[in-house]
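So the structure is just underneath, and the comments pick up after that.
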Amino acid sequence: MSHRKKITVRKILKMKGKEKIVMVTAYDYPTAKIVDDAGVDMILVGDSLAMVVLGMESTHGVGLEEMLHHTRAVARAKPYALIVGDMPFGSYEPSPRKAVESAIEFVRAGAEAVKLEGGSEYVDRVREIVKAGIPVVGHVGMTPQRYLSFGGYKLRGKTPSEEKKIIEDALALEGAGAFSIVIEFTREDIARRITEKLSIPTICIGAGRYCDGQVLVFHDLAGLYKESPPFAKKYADAYNYLLDAVKRYAEEVRTGRFPSDEYIIQ
Ligand code: KIV
5 MSHRKKITVR KILKMKGKEK IVMVTAYDYP TAKIVDDAGV DMILVGDSLA
55 MVVLGMESTH GVGLEEMLHH TRAVARAKPY ALIVGDMPFG SYEPSPRKAV
105 ESAIEFVRAG AEAVKLEGGS EYVDRVREIV KAGIPVVGHV GMTPQRYLSF
155 GGYKLRGKTP SEEKKIIEDA LALEGAGAFS IVIEFTREDI ARRITEKLSI
205 PTICIGAGRY CDGQVLVFHD LAGLYKESPP FAKKYADAYN YLLDAVKRYA
255 EEVRTGRFPS DEYIIQ
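Adding 4 to a residue's 1-based position in the sequence shown gives its number in the working numbering.
See below:
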């Protein structure tokens, strides 16, 4: 894919309504290489790494330093795709100043934009980060960092008040200067209405077909876990593929078939 041009925020904005935007998570150098070679448009260094990489029960356990560590690893792959650093729980809620300071750290680590969860209540954070020259992706709907208030990881937008809030949040984020919005686990018709109302692209996960793009967690699409969210399609069975490779290696070591002649370097 050497003919590819570096993807910029301006390119993502231009794709709205013309080309579907493909976003996927990556948390390390080799995965960033794979997804970039596959030609995705945006790489999200998601705080989902807390759960899919670090084995935590929620995203609450991952802090700014860990997110920066993984962002640096992804940035070392020098992807064509736009790198978005996901602001973890606690790195933007306390104040707009804290949010700007955290966003600056992401840029120093190699992120080209940051994402934060939440709507109207955080527009001042979004405005200040944008003012500092850092592009922001909003995130509405079922925002995992708020699972305690939502009572779990449930579809959002079931009641008229939830629906109203999600739409108002998306509009408020656009007004504050976000260049794109992730809509997670929300009724498809709501995501469609938001997509039609906004002039910035929407990127959906578990929110149906009518968005400007889609995002999936790498481990879900690769099938690294037996269980994944109901809206995530498995494009590979990496768990069994890798399980088989390691089993064959163990078997060959135990039976003396590895290392064979070709691997003995004298
Ligand atoms: O952290 C993450 O992976 C995310 C996506 C699910 C959008 O925020």
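Note that the Cβ used here is the ideal one computed from N, Cα and C, for glycine as well.
(request) Over the uninterrupted beta strand (DSSP E) stretch that includes Lys119, give me the two end residues. (result) One-based indexing of the sequence shown puts residue 119 at position 115. Taken as a continuous stretch (DSSP letters only), the beta strand (DSSP E) holding Lys119 covers 117 to 119.
(request) Give every residue of the same chain whose Cβ lies closer than 8 Å to the Cβ of Lys158, excluding the five residues on either side of it in the sequence, and list them in chain order. (result) Counting from one through the sequence shown, the residue named residue 158 turns up at place 154. For Lys158, where only same-chain residues beyond five positions count, the Cβ hits under 8 Å are Met146, Phe189.
(request) Could you tell me which of Phe93, Glu125, Ala30, Lys37 sits nearest to Thr75, measuring between CA atoms? (result) Position 71 of the sequence shown, counted from the first residue, corresponds to residue 75. Here the closest residue by C-alpha is Ala30.
(request) Consult DSSP for Ser184 and reduce its assignment to one of helix, strand or coil. (result) By 1-based counting over the sequence shown, the position of residue 184 is 180. Reduced to three states, the DSSP call for Ser184 is strand.
(message) Under 8 Å, with one C-beta from each stretch per pair, do the stretch 77 to 89 and the stretch 54 to 62 reach the 3-pair mark?
(response) no
(message) Excluding the 5 residues flanking Leu202 on each side, which residues of the same chain have their C-beta closer than 8 Å to its C-beta?
(response) Along the sequence shown, one-based indexing puts residue 202 at 198. Cβ neighbours of Leu202 beyond the five flanking positions: Ala174, Leu175, Glu178, Ile185.
(message) Between Arg196 and Tyr214, how many whole angstroms is the CB-CB distance? I'm expecting something under 8 Å.
(response) Locating residue 196 in the sequence shown gives position 192, where the first residue counts as 1. Locating residue 214 in the sequence shown gives position 210, where the first residue counts as 1. Indeed they touch by this definition, with Cβ atoms about 4 Å apart.
(message) Please determine whether the Cβ atom of Gly50 lies at a distance below 7 Å from any heavy atom of the ligand KIV.
(response) The residue labelled residue 50 in the question sits at position 46 within the sequence shown. Yes, Cβ of Gly50 sits closer than 7 Å to a heavy atom of the ligand KIV.
(message) Taking only three categories from DSSP, how would you classify Met19?
(response) Counting from one through the sequence shown, the residue named residue 19 turns up at place 15. Residue state, collapsed to three classes: helix.
(request) Tell me, please, whether the stretch 115 to 129 touches the stretch 88 to 105 by the rule of three or more beta-carbon pairs shorter than 8 Å. (result) yes
(message) Any heavy atom of the ligand KIV inside 7 Å of the beta-carbon of Ile209?
(response) Counted from its first residue, the sequence shown places residue 209 at position 205. Because some heavy atom of the ligand KIV lies under 7 Å away, the Cβ of Ile209 counts as near it: yes.
(request) Count the other CB atoms, across all protein chains shown, that sit within 10 Å of the CB of Lys301; report buried if there are 16 or more and exposed otherwise. (result) This structure cannot speak to residue 301, because the chain is shown only from 5 to 270.
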